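Participant: Each number in this note's numbering comes from the position in the sequence shown (counting from 1) with 69 added on.
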Amino acid sequence: MNMTFLDLPQMISASGAVRLPGSKSISNRALLLAALADGITEIENLLESDDTARMREALRRLGVKIDETDMGAWRVHGVSGRFPVRRAELFLGNAGTAFRSLTAALALSGGDYTLTGVPRMHERPIGDLVDALRQLGAKIDYLGKTGYPPLRLRGREKREKTHAAARVRGDVSSQFLTGLLLALPLIGGKTRVEVTGALISRPYVELTLKLMARFGVPIERHGDQSFSLPGASLPGASLPGDTARYVSPGVFHVEGDASSASYFLALGAIGATGNDAVRVEGVGCQSIQGDLRFAEALSQMGAVIEMDEHGISARAPSGGQGLRGITLDCNAIPDAAMTLAIVALFATGETRLLNIASWRVKETDRIAAMDKELGKLGARVEAGADYLRVTPPDENHPLRAAIIDTYDDHRMAMCFSLASFAVPLRINAPGCVAKTFPGYFRDFAVLARPAPVIAIDGPTASGKGAVCARVAAALGFHYLDSGALYRLTALAAREAGVDGEDEAALAALAAALDVVFQDGRVSLNGKDVSEVLRGEAISSAASRVAAFPAVRAALLFRQRAFHRAPGLVGDGRDMASVVFPSAALKIFLTASAEVRAERRWRQLREKGQDPDRAAILSDLKARDARDRNRPAAPLRQEPAARLLDTGALDIDAAVAQVLAWWAENGAGHRAIP
Ligand code: DC
Numbered sequence: 070m071n072m073t074f075l076d077l078p079q080m081i082s083a084s085g086a087v088r089l090p091g092s093k094s095i096s097n098r099a100l101l102l103a104a105l106a107d108g109i110t111e112i113e114n115l116l117e118s119d120d121t122a123r124m125r126e127a128l129r130r131l132g133v134k135i136d137e138t139d140m141g142a143w144r145v146h147g148v149s150g151r152f153p154v155r156r157a158e159l160f161l162g163n164a165g166t167a168f169r170s171l172t173a174a175l176a177l178s179g180g181d182y183t184l185t186g187v188p189r190m191h192e193r194p195i196g197d198l199v200d201a202l203r204q205l206g207a208k209i210d211y212l213g214k215t216g217y218p219p220l221r222l223r224g225r226e227k228r229e230k231t232h233a234a235a236r237v238r239g240d241v242s243s244q245f246l247t248g249l250l251l252a253l254p255l256i257g258g259k260t261r262v263e264v265t266g267a268l269i270s271r272p273y274v275e276l277t278l279k280l281m282a283r284f285g286v287p288i289e290r291h292g293d294q295s296f297s298l299p300g301a302s303l304p305g306a307s308l309p310g311d312t313a314r315y316v317s318p319g320v321f322h323v324e325g326d327a328s329s330a331s332y333f334l335a336l337g338a339i340g341a342t343g344n345d346a347v348r349v350e351g352v353g354c355q356s357i358q359g360d361l362r363f364a365e366a367l368s369q370m371g372a373v374i375e376m377d378e379h380g381i382s383a384r385a386p387s388g389g390q391g392l393r394g395i396t397l398d399c400n401a402i403p404d405a406a407m408t409l410a411i412v413a414l415f416a417t418g419e420t421r422l423l424n425i426a427s428w429r430v431k432e433t434d435r436i437a438a439m440d441k442e443l444g445k446l447g448a449r450v451e452a453g454a455d456y457l458r459v460t461p462p463d464e465n466h467p468l469r470a471a472i473i474d475t476y477d478d479h480r481m482a483m484c485f486s487l488a489s490f491a492v493p494l495r496i497n498a499p500g501c502v503a504k505t506f507p508g509y510f511r512d513f514a515v516l517a518r519p520a521p522v523i524a525i526d527g528p529t530a531s532g533k534g535a536v537c538a539r540v541a542a543a544l545g546f547h548y549l550d551s552g553a554l555y556r557l558t559a560l561a562a563r564e565a566g567v568d569g570e571d572e573a574a575l576a577a578l579a580a581a582l583d584v585v586f587q588d589g590r591v592s593l594n595g596k597d598v599s600e601v602l603r604g605e606a607i608s609s610a611a612s613r614v615a616a617f618p619a620v621r622a623a624l625l626f627r628q629r630a631f632h633r634a635p636g637l638v639g640d641g642r643d644m645a646s647v648v649f650p651s652a653a654l655k656i657f658l659t660a661s662a663e664v665r666a667e668r669r670w671r672q673l674r675e676k677g678q679d680p681d682r683a684a685i686l687s688d689l690k691a692r693d694a695r696d697r698n699r700p701a702a703p704l705r706q707e708p709a710a711r712l713l714d715t716g717a718l719d720i721d722a723a724v725a726q727v728l729a730w731w732a733e734n735g736a737g738h739r740a741i742p
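Here it is as structure tokens:
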């Protein structure tokens, strides 16, 4: 998905089931373990995403044979602890799990390797891991800034020691310890790692230990502070004095990703009411992933969680009680905790997420990013060095539609999608989800149900405006008069003296319009412009500015921001084709040019003017022609749109027809956003 943005309308409910992609943390560990092991490992349900692709590519460049089976599993031919390629340059993108674990494994395995990543990877600290590896004799150079990637690894000094030991900090990233542990069997002999400082994200270390055991290397552990590989006498050790070595378990199944599950469980907690629930398949009560505990946090917030061996389901609190804010030490679930920051918007009372300093060295500074983007929604947030406090909206502090930046951070894109239950959103660069979950937005669309839209397009003076406003009132829906936005742009251009042919300047004006629609009136820059907006001069100018693609693009999200619960009636020229292509009901409302000119003539007469009939008809035809013939979003009847000719109908009859169509098939329609 290489989109520049994805617009999400306000969602009104969620239900259904999804199968989760494989766990990233398990996939990348399993790939490395299988590569280092004796024998061939067949890995089932391996996550296929950017981060695991980086690991697979790197292992292949190191001479590890990896192929895909007919059943979609990956077969890794283990190299028994020695990579065949002794000199290589590896690019690891922004895959922290690949970078840290390969740094350790390659630094301790001899050979000459260069490890690089994307610019953000070069800002993520690795000095503590390098220091620990140097204690074990590894020769490592920083190729850029000291303490950060890129790195050059130049093998290991031969030491005649059978008792190697290293100290590593545990309070910056648990991946340093994970990397060291995974690489320990490469040293030979007895080895020990001691952790200084409190160990953060402990469940990830436990995951590492469990997977090492699956590949035949159990580690002796003394609390969080000391981890040792005792050398001989282990089941995997083949020679006396030899160290344990990894042995393929044959087939290895990767469970579904518990961090990815967090978004869908939150979706259920926010949007699945009554008998509905959202269920994730592929991770269950036997899971070895720490982020499983996210479900407990949701349940503390009042969500109803059910878990079995194969899956987990979540639904909103029962009995009409809402979610409640919580205070939580998030050290054990740093990734899934981001999702809680968004769930907090739907709770009563504030939510405090504590002990999250590690967020600052992830794909982006996640505390700063959360603070900034939640702020765009109008949420009240307090960000500290290692905590985030979110106060939910209330009448005096409502949320507003916003354009969310994602900082090339998959979790920013995924967790913010949930905010669409409060307001419409634009998510910039949504393709970043490919880091761990390429199909995320497809699955989201399967589960989340948007507020419905009735899209009504048609030419000028067809009676659309009156019909749309009345239909919206009858259904209690919002009403978007999209033509007004083009008129406002034309008016703003006139007032600012902007040249009507200067597309870029017009688009900039359209993007920055300070406009309020309230009680059927429109104001621009604080001034009521309802009357002047409908004048003939502005009508004509509007149809000219509307032909510029840049102006249309600048007004797109402004229009989609009207797509709110409980529903919307959109009135315009391209409602069904461009702005709301998945509208539940599409109508093309029209009448002959003569009928429409006659109506306009009568309207103007009623206002006390003395208009020229022929001039009205020719002006109307000219505008029709411009709207129909422009290359950008021309006026036309969409194939799925029903034709409503109002030539012989009064407004009451036209409204009744739209409502009848809505009752017939629109109301039950399940649109994909
Ligand atoms: O519906 P209206 O007459 O207020 O629209 C004013 C102009 O704006 C019209 O000439 C065409 C243009 N327009 C458009 O291009 N796309 C829309 N969705 C709505 C209006």
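We put the beta carbon where it would ideally sit given N, CA and C, even for glycine.
In this text the structure is predicted, and so the values were computed from the model without any measurement.
Let me know the beta strand (DSSP E) ranges lying completely inside the region 282-364, each 3 residues or longer, listed in chain order.
Facilitator: Listed in chain order, the complete beta strand (DSSP E) runs (minimum 3 residues) inside the region 282-364 are 289-291, 295-298, 320-322, 347-350.
Participant: For residue 521, which of helix, strand or coil comes out of DSSP?
Facilitator: The answer is coil: DSSP assigns residue 521 none of H, G, I, E or B.
Participant: For residue 730, I'd like the list of residues in its chain whose CB is within less than 8 Å of its CB, leaving aside the five on either flank, ordered along the chain.
Facilitator: Contacts found: 654, 656, 711.
Participant: How is the beta strand (DSSP E) around residue 640 delimited, first residue to last?
Facilitator: Looking at the DSSP string, the run of the beta strand (DSSP E) that includes residue 640 is 637-641.
Participant: Since residue 376 is in the beta strand (DSSP E), which residue starts that stretch and which ends it?
Facilitator: 373-376 is the extent of the beta strand (DSSP E) around residue 376.
Participant: Please report the Cβ distance between residue 728 and residue 598, rounded to the nearest whole angstrom; I am assuming they are in contact, meaning their Cβ atoms lie under 8 Å.
Facilitator: Between residue 598 and residue 728 the Cβ distance is about 31 Å, and since that is not below 8 Å, they are no contact.
Participant: Hey, is residue 688 close to the ligand DC, as in C-beta under 7 Å from one of its heavy atoms?
Facilitator: Not so, every heavy atom of the ligand DC lies at least 7 Å from the Cβ.
Participant: Which residues share a DSSP beta bridge with residue 587?
Facilitator: According to DSSP, residue 587 bridges with 590.
Participant: Per DSSP, which residues does residue 547 bridge with? Please list them.
Facilitator: 637.
Participant: Check whether the region 632-642 touches the region 571-578, counting contact only when three or more Cβ pairs, one atom from each stretch, lie closer than 8 Å.
Facilitator: With a cut-off of 8 Å, the region 571-578 and the region 632-642 do not count as touching, because too few Cβ pairs lie within range.
Participant: Output needed for residue 358: all residues of its chain with C-beta closer than 8 Å, excluding positions within five of it in sequence on either side, in chain order.
Facilitator: Excluding positions up to five away in sequence, the list reads 92, 94, 95, 272, 276, 324, 326, 327, 328, 352.
Participant: Report the three-state DSSP secondary structure of residue 82 (helix, strand or coil).
Facilitator: Looking at residue 82 - three-state DSSP - the assignment turns out to be strand.
Participant: Within the same chain, show all residues whose beta-carbon is closer than 6 Å to that of residue 335, passing over the 5 residues directly before and after it, in chain order.
Facilitator: Once the five neighbours on either side are set aside, the close Cβ partners of residue 335 are 408, 412, 487.
Participant: For a test of the three-state rule: what should DSSP assign to residue 388, helix, strand or coil?
Facilitator: In the structure shown, residue 388 sits in coil (DSSP, three-state: anything other than H, G, I, E or B).
Participant: Across the region 692-707 and the region 604-624, are there enough close Cβ pairs to call them in contact, namely three or more that are closer than 8 Å?
Facilitator: Segments in contact, yes.
Participant: I need the DSSP call for residue 211, collapsed to helix, strand or coil.
Facilitator: In this structure, residue 211 counts as strand in the three-state DSSP scheme.
Participant: So does the region 71-84 actually touch the region 283-301, counting three or more Cβ pairs closer than 8 Å?
Facilitator: Counting Cβ pairs under 8 Å, fewer than three are found: no touch.
Participant: Please report how far the alpha carbon of residue 447 lies from the alpha carbon of residue 583, in whole angstroms.
Facilitator: The straight-line gap from Cα to Cα measures roughly 17 Å.
Participant: Since residue 166 is in the alpha helix (DSSP H), which residue starts that stretch and which ends it?
Facilitator: First-last of the alpha helix (DSSP H) with residue 166: 165-176.
Participant: Can you tell me where the beta strand (DSSP E) holding residue 570 begins and where it ends?
Facilitator: Residue 570 -> no beta strand (DSSP E), and no H or E assigned at all.
Participant: Taking residue 667 as part of the alpha helix (DSSP H), name the residues at either end of that continuous run.
Facilitator: Per DSSP, residue 667 belongs to the alpha helix (DSSP H) from 662-675.
Participant: Under 7 Å from any heavy atom of the ligand DC, does the C-beta of residue 555 make it?
Facilitator: Indeed, a heavy atom of the ligand DC lies less than 7 Å from the Cβ.
Participant: Would you mind sorting residue 643 into buried or exposed? The rule is 16 or more other CB atoms within 10 Å of its CB.
Facilitator: Buried is the call here.
Participant: With which residues is residue 74 paired in a DSSP beta bridge?
Facilitator: According to DSSP, residue 74 bridges with 497.
Participant: Closest to residue 117 by CA distance: which of 138, 249, 90, 109 is it?
Facilitator: Comparing Cα-Cα distances from residue 117 to each of 138, 249, 90, 109, the minimum goes to 90.
Participant: Go through the region 448-517 residue by residue and report every complete run of the alpha helix (DSSP H) that reaches 4 residues or more, in order.
Facilitator: List check, alpha helix (DSSP H) in window: 479-486, 509-516.
Participant: Would residue 720 be called buried (16 or more neighbouring beta carbons within 10 Å of its own) or exposed?
Facilitator: That one is exposed.
Participant: Between the C-alpha atoms of residue 97 and residue 391, what's the straight-line distance to the nearest angstrom?
Facilitator: For residue 97 and residue 391, the distance between alpha carbons rounds to 38 Å.
Participant: Could you give the uninterrupted runs of the alpha helix (DSSP H) lying entirely in the region 119-207, keeping only those of 4 residues or more?
Facilitator: Taking only runs of at least 4 residues, the alpha helix (DSSP H) segments lying wholly in the region 119-207 are 119-130, 165-176, 196-204.
Participant: Sorry if obvious, but does the Cβ on residue 623 come closer than 7 Å to a heavy atom of the ligand DC?
Facilitator: It does not: the Cβ of residue 623 is nowhere closer than 7 Å to a heavy atom of the ligand DC.
Participant: Tell me residue 423's beta-bridge partners as DSSP assigns them.
Facilitator: DSSP output for residue 423 lists 398, 456 as bridge partner(s).
Participant: Taking 6 Å as the limit between beta carbons, can you name the residues of its chain near residue 482, skipping five residues before and five after?
Facilitator: Excluding residues within five positions, the ones whose Cβ falls inside 6 Å are 475, 496, 499, 501, 502.
Participant: Please list, in chain order, all residues of the same chain as residue 537 whose beta carbon is under 7 Å from its beta carbon, the five residues on each side excluded.
Facilitator: 525, 548, 638, 640.
Participant: May I ask whether a heavy atom of the ligand DC can be found less than 7 Å away from the beta carbon of residue 615?
Facilitator: Residue 615 Cβ: within cutoff of the ligand DC.
Participant: Distance check for residue 508 and residue 293, CA to CA, integer angstroms please.
Facilitator: Roughly 36 Å between the two C-alpha positions.
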